[in-house]
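Visitor:
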Amino acid sequence: MSTVARRVVVAINPHSAFGKNPAAGGNVVAALRAAEHEVVELRRDSYAALRDAVRHELAARADEPVLVVVGGDGMVSLGVNLVAETPVALGVVPAGTGNDLARAIGLPVGDIGASIRHLVTQLSGEPTAIDLARMTHAGGVGYYAAVLSGGFDAIVNERANRMRRPRGKSRYTIALLLELTRLRPRHYSLELDGEKFEVDANLVAVANGESLGGGMRICPDASLTDGQLDIAWLEPVTRRRFLQLFPKVFSGTHVGEPEVTIRRARRVRLDSPDIVAYADGERVGPLPVDIEVVPSAVRIFF
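Quick note on our numbering: the sequence shown kicks off at 89 and runs consecutively.
(1) How about Gly459 and Val181: are their beta carbons less than 9 Å apart?
(2) Identify, in the order they occur along the chain, each residue of the same chain with its Cβ nearer than 7 Å to the Cβ of Ala248, setting aside the five sequence neighbours on each side.
(3) Within 10 angstroms of its Cβ, does Pro175 collect 16 or more other Cβ (buried), or is it exposed?
(4) Where do the N-terminal and C-terminal ends of the alpha helix (DSSP H) with Val117 fall, by residue?
(5) In chain order, what are the residue ranges of uninterrupted alpha helix (DSSP H) at least 4 long that sit wholly in the stretch 239-286?
(6) Given Val325, which residues of its chain have a CB within under 8 Å of its CB, disregarding the five upstream and five downstream residues?
(7) By alpha-carbon positions, which one of Ile218, Val229 and Val98 ends up nearest to Val208?
(8) For His342, does the count of other Cβ atoms within 10 angstroms reach 16, so buried, or fall short, so exposed?
(9) Going by beta-carbon coordinates alone, are Glu298 and Ala353 separated by less than 9 Å?
(10) Give me the Cα-Cα distance between Pro308 and Gly227, rounded to the nearest whole angstrom.
(11) Would you tell me roughly how many angstroms separate the C-alpha atoms of Asp379 and Arg274, rounded to the nearest one?
(12) Can you tell me whether Met89 is helix, strand or coil according to DSSP?
(13) Give me the residue from Val128, Leu120 and Leu170 with the minimum Cα distance to Arg143.
(14) With three or more beta-carbon pairs closer than 8 Å as the criterion, would you say the stretch 276-289 touches the stretch 304-324?
(15) Report buried or exposed for Ile92, applying the criterion of at least 16 other Cβ atoms within 10 angstroms of its Cβ.
(16) Of the choices Arg272, Asp318 and Pro374, whose alpha-carbon is the least far from that of Arg328?
(17) In this structure, how does DSSP classify Leu155 when only helix, strand and coil are distinguished?
(18) Roughly how many angstroms separate the alpha carbons of Glu283 and Leu130, rounded to a whole number?
(19) Go through its chain and collect everything with a Cβ distance to Val116's Cβ below 7 Å, but skip five positions before and after it.
(20) When the Cα of Val382 is compared with those of Gly344, Ala221 and Phe330, which residue comes out closest?
(21) Return yes when the Cβ of Phe389 is within less than 9 Å of the Cβ of Gly179, no when it is not.
(22) Let me know the secondary structure DSSP gives Gly297 once reduced to three states.
(23) Are the beta-carbon atoms of Ala365 and Leu236 separated by less than 9 Å?
(24) Who are the near neighbours of Gly201 in its chain, counting only those whose CB is closer than 8 Å to its CB and skipping five residues on each side?
(25) Which residues in the same chain as Val128 place their Cβ atom closer than 8 Å to its Cβ, once the five residues preceding and following it in sequence are excluded?
(26) Just mark Val244 as buried or exposed, buried being the case when its beta carbon has 16 or more other beta carbons within 10 Å.
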């Protein structure tokens, strides 16, 4: 039993991991109530409706509840964009396919039962503050916790989101293979803390956390608490060389390869024609985007 009774708003994505974890949300609610927390359970048929319901619930409360999101990186995105730079703390139960923030903060991934038990234990203590990245673009202002991608990986995401079939993770694999046949460098204008670069690259990522896409450690030394962003880009390579480098990203051993550059900055401007950026796996919109690290922007239980 928890020694601290909290008011908890639980936002549940029933479609996480393409619907493979339908019981996760109910199990989270049951465990929190068993630990004597006061729980408000929120489910909606769409992401937008759920976001609006959570926003309304948080605004209607005079206290400072904890927001717990159950799902993948899309639910993390929903959560951080609702509680960033506010007193409301965040809890995460990773039940999606990517779970990159969960990996970065050391939550149990791949074992929902263990994740729920971990959350209940952590709620008896106090949250820890981590940095977020704040992005400004034509669509407005938003936040992300892990990585913004603006190169090949974003192009793959964009194609996968246009595909109706197949359902599930294999859609992204097929999109990757299709885009690989069209691999070509893009020209980028980069500005890092006022220093300007013109680069040709196959991939550009602006990282607050270390990984994207379910464990691809694009910036393995990125820290959620150092007040810095890590910026990685891959210089133009052949398809064969790309396929040689790609597996190294999962272990972070691509760092040090001659085609890979990683820099650090607090403020970044990224621009390139005809590129749509993605952050924490969610569509941001066409470049350009201005990104700034916000130290200790959210308090999270982990």
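Built from N, CA and C at the ideal position, the CB exists for glycine as well.
Guide: Quick answer:
(1) In the structure as shown, the chain begins at 89 and stops at 390. Residue 459 is therefore absent and cannot be evaluated.
(2) Counting from 1 along the sequence shown, the entry for residue 248 is found at position 160. For Ala248, where only same-chain residues beyond five positions count, the Cβ hits under 7 Å are Arg259, Tyr260 and Ala263.
(3) Here residue 175 refers to the residue found at position 87 of the sequence shown. Pro175 comes out exposed.
(4) The residue given as residue 117 occupies position 29 in the sequence shown. Element bounds for Val117: Ala112 to Ala122.
(5) 240-250 and 258-268
(6) If you number the sequence shown from 1, residue 325 lands on position 237. Hits under 8 Å: Asn290, Leu333 and Glu347.
(7) Sequence index remark: in the sequence shown, residue 208 carries index 120 (1-based). Ranking the options by Cα distance to Val208, first place goes to Val98.
(8) Sequence index remark: in the sequence shown, residue 342 carries index 254 (1-based). By the neighbour-count rule (16 or more Cβ atoms within 10 Å), His342 is buried.
(9) Position 210 of the sequence shown, counting from 1, holds the residue named residue 298. Position 265 of the sequence shown, counting from 1, holds the residue named residue 353. Against a cut-off of 9 Å, the Cβ pair of Ala353 and Glu298 comes out as no contact.
(10) Within the sequence shown, the letter at position 220 stands for residue 308. Within the sequence shown, the letter at position 139 stands for residue 227. The alpha-carbon atoms of Pro308 and Gly227 are separated by roughly 30 Å.
(11) Counting from 1 along the sequence shown, the entry for residue 379 is found at position 291. Counting from 1 along the sequence shown, the entry for residue 274 is found at position 186. For clarity, residue 379 is Ile in the given sequence; the question names Asp instead. Distance between the alpha carbons of Ile379 and Arg274 is about 20 Å.
(12) For the purposes of this step, residue 89 is identified with residue 1 of the sequence shown, where counting begins at 1. With a pLDDT of 45 at Met89, under the threshold of 50, the modelled position of that residue is not reliable, and the figure given next carries that caveat. Here Met89 sits in coil by DSSP.
(13) Here residue 143 is taken as the residue at index 55 of the sequence shown, counted from 1. Taking only the C-alpha atoms, the option nearest Arg143 is Leu170.
(14) Three or more beta-carbon pairs separated by less than 8 Å link the stretch 276-289 to the stretch 304-324, which places the two stretches in contact.
(15) By 1-based counting over the sequence shown, the position of residue 92 is 4. Here residue 92 is Val; the residue named in the question, Ile, does not match the sequence. So Val92 ends up on the exposed side.
(16) The residue labelled residue 328 in the question sits at position 240 within the sequence shown. Closest option to Arg328, Cα to Cα, is Arg272.
(17) What you label residue 155 is simply residue 67 of the sequence shown in a count that begins at 1. In the structure shown, Leu155 sits in a strand (DSSP, three-state: E or B).
(18) Position 195 of the sequence shown, counting from 1, holds the residue named residue 283. Position 42 of the sequence shown, counting from 1, holds the residue named residue 130. So the alpha carbons of these two residues sit roughly 45 Å apart.
(19) Counting from one through the sequence shown, the residue named residue 116 turns up at place 28. Hits under 7 Å: Val98, Val156, Val158, Val181 and Ile204.
(20) The residue labelled residue 382 in the question sits at position 294 within the sequence shown. The option with the nearest alpha carbon to Val382 is Ala221.
(21) Position 91 of the sequence shown holds residue 179. Position 301 of the sequence shown holds residue 389. Yes, the Cβ-Cβ distance between Gly179 and Phe389 is below 9 Å.
(22) Residue mapping note: residue 297 aligns to position 209 of the sequence shown, counting from 1. Here Gly297 sits in coil by DSSP.
(23) Locating residue 365 in the sequence shown gives position 277, counting from the first residue. Locating residue 236 in the sequence shown gives position 148, counting from the first residue. Result yes, Cβ atoms of Ala365 and Leu236 sit closer than 9 Å.
(24) Translated into the one-based positions of the sequence shown, residue 201 becomes position 113. Once the five neighbours on either side are set aside, the close Cβ partners of Gly201 are Asn115.
(25) Indexing the sequence shown from 1 puts residue 128 at position 40. Closer than 8 Å at Cβ, skipping near neighbours: Arg95, Val96, Val97, Val98, Glu145 and Pro153.
(26) One-based indexing of the sequence shown puts residue 244 at position 156. Result: buried.
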